[in-house]
Each structure stands twice: as structure tokens, then as C-alpha cells.
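S.K.: Dropping a structure here in C-alpha cells format, bear with me for questions.
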Amino acid sequence: MKALKHLNKYFYKYRYRLIIGVIITIISKIFVLFTPRFVGDSINIISDKLAGKISYDVFKTELITNVSLIIGAAIVAGILTFLMRQTIINVSRYIEYDLKNEIYQHYQVLSLNFYKSNRTGDLMNRISEDVGKVRMYVGPALMYTINTITLFTVAIIYMVNTAPVLTLYTLLPLPILSVSIYKLSRLINKRSTIVQQSLSTLSTYAQETFSGISVIKSYGIETKTNSEFADLSAENRQKQINLTKVQALFFPLMILLIGVSNLIVIYVGGMQYMNGEIENIGTIAEFIIYVNMLTWPVATVGWVTSLVQQAEASQERINEFLKTEPEIKNAANELTPIKGNIEFKNVSFVYPDTNIQALKDVSFTLKSGETLAILGKTGSGKSTILDLIGRLYDIENGNILVDNTTISKLNLYSLRESIGYVPQDAFLFSDTIKNNIMFGKEDATDEEVIEAAKDAKVHKNIIGFSKGYDTILGERGITLSGGQKQRVSIARAIIKKPEILLFDDCLSAVDTETEEKILKNLVRLTKDKTTIIVSHRVSSAKNADQIIVLEDGKIIQTGNHENLISVEGYYKELYTKQLSEKEIQ
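Residues 57 to 641 in my numbering are what the sequence shown spells out, letter by letter.
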């Protein structure tokens, strides 16, 4: 139960609703228990009339009164049961809502490295399936526990007062039922956990397949993925069947023990009536109703135990993530205005998940409003520099200064709010093109959206769609071509008008003519902005104030375009190669 202590804050938050729900539950069960007594009295009245002990008028009056009371008690109990569910079950939905938001918000603050080491399918399963299991604990499990305690307490008091010996015999099978269902529930819980893990694996595989469907189709491996998914589905099916086989014993076992209890009541009660130990025949009917009323609450002891165990297992999985501390923490509470001065001092960086050293003793200074271009081979550490400026990772060796302040001491949200980042692999959401551009500035006007699109040279493409800027994009922007996605991503960054602009080889999917037009616009737009351009093309770097060339995480060349083409090295070789390729074209 330790894992479930995390929910106590929510129980406290909704304590008044829960207290009202408990009171209503107790009152509703008291009204429910009026019915057996009135039924027993009615049978006694009929028996007395048949024996000639009462007149017809008395018989009619008392019988109508009892029937009216039975109907009235049932109506009141029904209304109270409805109100009970509206309070306690609604609270479980509120807690489910709060818990999902808590998990989602925690996901947002966790570091990038967390997502590299955890699968999306598993993250989704914990915020959906596991939270659903927890909701069953804070809703139905709580409600049925209160029901059972109330019903059992009041019913046994009534039964003992009426026929103590018959009560003892009546209750004999109930502990057997409770223990049997408890053991059955533990087995159900064990197999249910296995099913949850299997579902997580299946969800993860399906999510990865759907995300990579274009790769699967291009390689023609649909048959292979279908076969693998079928194997996982078959494995999951067998585990579900194993669970169902155990669950199938639940109700037959309950019905069997109900029948045994009823037989005991009829036999023992009948013998006591014939021996004169019970005065009224209606007592037997009353006890049969009590047995049927008590059987389900007793059965729920095992079922509720199973719900609690499943909820505890799920909450433990949830707590595992909630207790994960973000590696990147906000050190400053006050928002800090960012001007855009950036300085790397002997920065070395090793990726924590792979132990690959991406940067080795990198140093450079970039003043506000200047442009830096970074070139180098794949894997040389270009993108890592951008990640470190956005503080997606923290460094252990060296120092990164922004506006002469160590980056880790700046307000994290101020820093990231001041950055416009365009990744190489442009990520677009399943929303309209307009909303994807406005992602950089939520309160942007239509004119600002169009202006940003024009500067990114994607406006003509957008208005070519039937719905224009209201065109809904597929997942990850699959509706658009690679070049169009990159340009929409550029529009999203520049509409924000940030102090720092980071372009990570974001023109790789664009033709040279369009690239030239975009670069001319960027020269105008980034005039007063600190800009870093990562590229494999000299054309993207030649207008920069500074250019650095990386190789294996080290700076091997630094200068401007004129300086670097005048000396032998990587930059001049790349310039000559790309110039000759352009001439051939």
C-alpha cells in the first residue's frame, strides 16, 4: 500500500465530496435493509391470515402498508445509490484527471535523456492503462468497501436480534467465499500484471510501426512487420486467455456458495421453525434475502483486494516516473531578459546514454546580433552545440556563458523563450499549417503568419492547397514534402522574433535557388539577432560573421569566408567541391 500513499493528497483535496458520499452510502444501505424485514413481516401476515389469526381488514391494511414501505424504501435507496455514485465515482474521475495532468506535466519537465531511454508506448501505457487501474481503486473499490462494511454491520445486527443460531449457520459459507475469491483475485492480479506488460509491448511495437510506416513501405517489409505483430498479438491473446480462465471461476464460485447458503437457511431455518425455535415462517424468507444481499459484498472483499493490488502495481509504475528527477533543473526563479551574447569556454561533452564524446575543448565567442556558421562532417558535434545552447543537456567540463552568466544559472524558461530553433528533422503537429506556424507565437495575427511563411518561401506552396493555411497535416507533417516541412519549421521560428536563432541544417531538403532566397531573407530578419547556422553547404555559411569547422568534436578551423577560402583545409575543399558541382548543374 506504500505506492498508493501518493494518492492521499487527492483524497484530502476532495475530502468533503468523499465524506458526503460516505454518509449517503451508509443511509442508502440502511434503507436497503428495510426490505427483508418488511418482506418477512408480509409473509407472517399472510401466514396469520391463512391460520385465521387476523381479520381480512387487518390483513389488507397491514399488507398494503408493508408493500408501500417496501416500494418507498426501494425508491429512497435507489435515489441515494444514484447520489452515492455521483459523489464517490465522480471523485474517482476527478482524481484520474488530476493524476493524468500530474504525470503529463512531469513528462514535460523530464530531460531529453529520459525520452531516449524510455519507449513512447510504455509512457502512453502508464498515463492511460495504469491510471485507469488506479481510478478503479479510488472509485469502485472505495465505494464497495464502504458498502460492504455498512451492509454487513447493519444486516448482522438485524439477523442476530432476530435469530442468533440461524445467523451463525447462515454466515458459515461466507468466509469460505471471501477467502476463495481473495486467492482467486491474487491469481487474477498476477496474470493481469503480465497482460499489462504484454499490452505495453504491443502498444510500443504498433506505435513504432505507425511512426515508421513510410520506411516500412519503402523497404517492402510489410509482410515481416505483419508477422512480428501477429506473433506479439498471439502471445498477448494467450496471456489474455490465461487471465480469462481464472476470471471465469469468479461468478460460478459465488453462485455456488450463494446456493449453499440458501440451502442452509432453508434447511436449518425450517428445522428451527418446526421445532418452535423460530416463531414466524417469514424469518426464513427474511434470511434468504439477507444471504443474497450479503453474498455480493462478501465476494467484493476479494474483488476489491484484487483492485487494490492492481492499483498498487500500476501506481508503483507511475511513481517510478514521477520520482524521476529531471537532469536539467531551473536554478533561477526570476525571469531574465536575454540579449544573445554566447560564449563557449573549453567545453567538452559526453552523451550520458551512449558515452560518446561529442565535443572536445570547444571555445568561441559570439556577440549579440552576430551570425556563426558551423560546418563539419556528420557526427562532428555540430548539433550538439545547439542542444547545449538550448540547455537540453548540462556539461561537466568547461563553461557556457549567455550574456556573461553561466547558462545553468539562468532562468531556464527565459533562455528557451528567447530561442527560435529549427531542427534538421522538422517536426510538425497533426494540426493546421497555420497553427503549426503559430506554435512559435500563439497570439500571432493572420498577417504575421503569412509574412513568416513568405520569408520562409513556403507561402506559395501553402496557398496551392485546397484549404490553404487551414490544411490539416498528417502525423509529423507527413502531408508535406521534406523541403516544405523545413520551411514551415523556419516560419515557426522566425515568427517568434527571438533574440537567438538556431538553424540545424534546416535547408538540406531545399533546392539551391530557394535556399538563396531564404538566406537573403534571413540576412534581413537576423540583422539584430544572434544566429547560429549548422550546415553542410558553404552557401549557407559564407555570409556569417564567424565560421568554425568541427572534426571529431574539435574545432579545426575558424575565421570568416574570405579567410578560410584562402588557406588549405576542409572549408576550402568543401567550397571548391560544391562550386564545381554548381557549375556542372
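Beta carbons: idealized from backbone N, C-alpha and C, even for Gly.
Mind checking whether Ile550 and Leu428 have CB atoms under 7 Å apart?
M.R.: Against a cut-off of 7 Å, the Cβ pair of Leu428 and Ile550 comes out as no contact.
S.K.: Is Asn389 helix, strand or coil when you go by DSSP?
M.R.: coil
S.K.: Rounding to the nearest angstrom, what Cα-Cα distance links Thr209 and Phe87 in this structure?
M.R.: 14 Å
S.K.: Quick one: give me the first and last residue of the beta strand (DSSP E) that Asn64 is part of.
M.R.: Segment Asn64 to Lys69 is the alpha helix (DSSP H) holding Asn64; no beta strand (DSSP E) there.
S.K.: Please state if the CB of Val165 and the CB of Pro382 are separated by a distance shorter than 7 Å.
M.R.: Contact flag set, yes.
S.K.: Can you list, in chain order, the residues of its chain whose CB lies under 7 Å from that of Ile640, leaving out five sequence neighbours each side?
M.R.: Residue confidence is low: Ile640 scores 46 on pLDDT, short of 50, so the model does not pin down where it sits. Its coordinate-derived value is still stated next. Hits under 7 Å: none found.
S.K.: What is the DSSP secondary structure of Phe559, reduced to helix, strand or coil?
M.R.: strand
S.K.: May I ask which residues mark the beginning and end of the alpha helix (DSSP H) holding Leu60?
M.R.: In the DSSP assignment, Leu60 falls outside any alpha helix (DSSP H) and carries neither an H nor an E.
S.K.: Would you be able to state if there are at least three C-beta pairs under 8 Å between the stretch 211-223 and the stretch 297-307?
M.R.: no
S.K.: Going by CA-CA distance only, name the one from Asp450, Glu555 and Phe138 that's closest to Ser424.
M.R.: Glu555
S.K.: Since Asp526 contacts Thr488 with CB under 8 Å, what's their CB separation in whole angstroms?
M.R.: 5 Å
S.K.: Answer yes or no: does any C-beta atom of chain B fall closer than 7 Å to that of Ser464?
M.R.: The displayed structure is made up of one protein chain only, and chain B is not part of it.
S.K.: Buried or exposed: where does Ala290 fall if 16 or more other Cβ atoms within 10 Å of its Cβ makes it buried?
M.R.: exposed
S.K.: Which same chain residues, not among the five before or five after Thr206, have their C-beta less than 8 Å away from its C-beta?
M.R.: Thr81, Ile82, Lys85 and Ile86
S.K.: With distances taken from CA atoms, which of Leu230, Tyr329 and Leu224 is nearest Leu312?
M.R.: Leu230
S.K.: So Val321 and Ile344 are in contact, right, with Cβ under 8 Å, and what is the actual spacing, rounded?
M.R.: 5 Å
S.K.: Going by CA-CA distance only, name the one from Ser317, Val357, Leu233 and Val347 that's closest to Leu309.
M.R.: Leu233
S.K.: In whole angstroms, what separates the C-alpha of Lys61 from that of Asn375?
M.R.: 10 Å
S.K.: Excluding sequence positions up to five away, which residues of its chain have a Cβ less than 6 Å from the Cβ of Ser167?
M.R.: Counting only Cβ-Cβ distances below 6 Å, and skipping sequence neighbours, we find Pro382, Glu383 and Ile384.
S.K.: Could you round the C-beta distance between Glu63 and Val194 to whole angstroms and report it? I think they count as a contact, below 8 Å.
M.R.: The sequence shown places Leu at residue 63, not Glu. Rounded, the Cβ-Cβ distance is 6 Å, consistent with contact.
S.K.: Is it buried or exposed for Glu530, if we count other Cβ within 10 angstroms and need 16 for buried?
M.R.: According to the sequence provided, residue 530 is Gly. The question's Glu does not apply to it. Exposed, because fewer than 16 other Cβ atoms sit within 10 Å of the Cβ of Gly530.
S.K.: Closer than 6 Å: is that where the CB of Arg593 sits relative to any heavy atom of the ligand COA?
M.R.: Ligands displayed in this structure: none; no statement on the ligand COA is therefore possible.
S.K.: With DSSP as the reference, label Thr488 as helix, strand or coil.
M.R.: strand
S.K.: Considering Cα atoms alone, identify which of Leu563, Glu426, Ile244 and Glu498 is closest to Arg580.
M.R.: The option with the nearest alpha carbon to Arg580 is Glu426.
S.K.: Using CA atoms only, rank isn't needed, just tell me which of Val364, Leu557, Ala59 and Leu415 is closest to Ile394.
M.R.: Distances from the alpha-carbon of Ile394 to those of Val364, Leu557, Ala59 and Leu415 put Leu557 closest.
S.K.: What number of angstroms, rounded off, separates the C-alpha of Thr568 from the C-alpha of Gly538?
M.R.: Rounded to the nearest whole angstrom, the CA to CA distance from Thr568 to Gly538 is 14 Å.
S.K.: According to the Cβ coordinates, are Leu468 and Val605 closer than 7 Å?
M.R.: no
S.K.: Could you pull out every residue in the same chain whose Cβ sits closer than 7 Å to the Cβ of Lys513, ignoring the five residues on either side in sequence?
M.R.: Arg543, Thr570, Lys573 and Ile574
S.K.: Taking its Cβ as the centre, do 16 or more other Cβ atoms sit within 10 Å of Gly96, making it buried, or is it exposed?
M.R.: buried
S.K.: Using a 10 Å radius around the Cβ and a threshold of 16 neighbouring Cβ atoms, would you call Glu498 buried or exposed?
M.R.: Exposed: under 16 other Cβ atoms inside 10 Å.
S.K.: Looking only at C-alpha atoms, which of Ile244, Gly276, Thr265 and Gly609 sits nearest to Phe285?
M.R.: Thr265
S.K.: In this structure, does DSSP put Phe483 in helix, strand or coil?
M.R.: Note: Phe483 maps to coil in three-state DSSP.
S.K.: Compare the beta carbon distance of Arg191 and Glu158 with 7 Å and say whether it is the shorter of the two.
M.R.: Taking 7 Å as the Cβ cut-off, Arg191 and Glu158 do not qualify as a contacting pair.
S.K.: Starting from Asp178 and walking both ways along the alpha helix (DSSP H), at which residues does that stretch end?
M.R.: Asp178 -> alpha helix (DSSP H) spans Thr176 to Asn181.
S.K.: Residues in the same chain with beta-carbon distance under 7 Å from Leu136, minus the five sequence neighbours each way, listed in chain order, please.
M.R.: Closer than 7 Å at the Cβ level, and outside the excluded window around Leu136, lie Ile80, Ile83, Ser84 and Phe87.
S.K.: Nearest CA to the CA of Gly326: which residue from Ala341, Val403 and Thr462?
M.R.: Ala341
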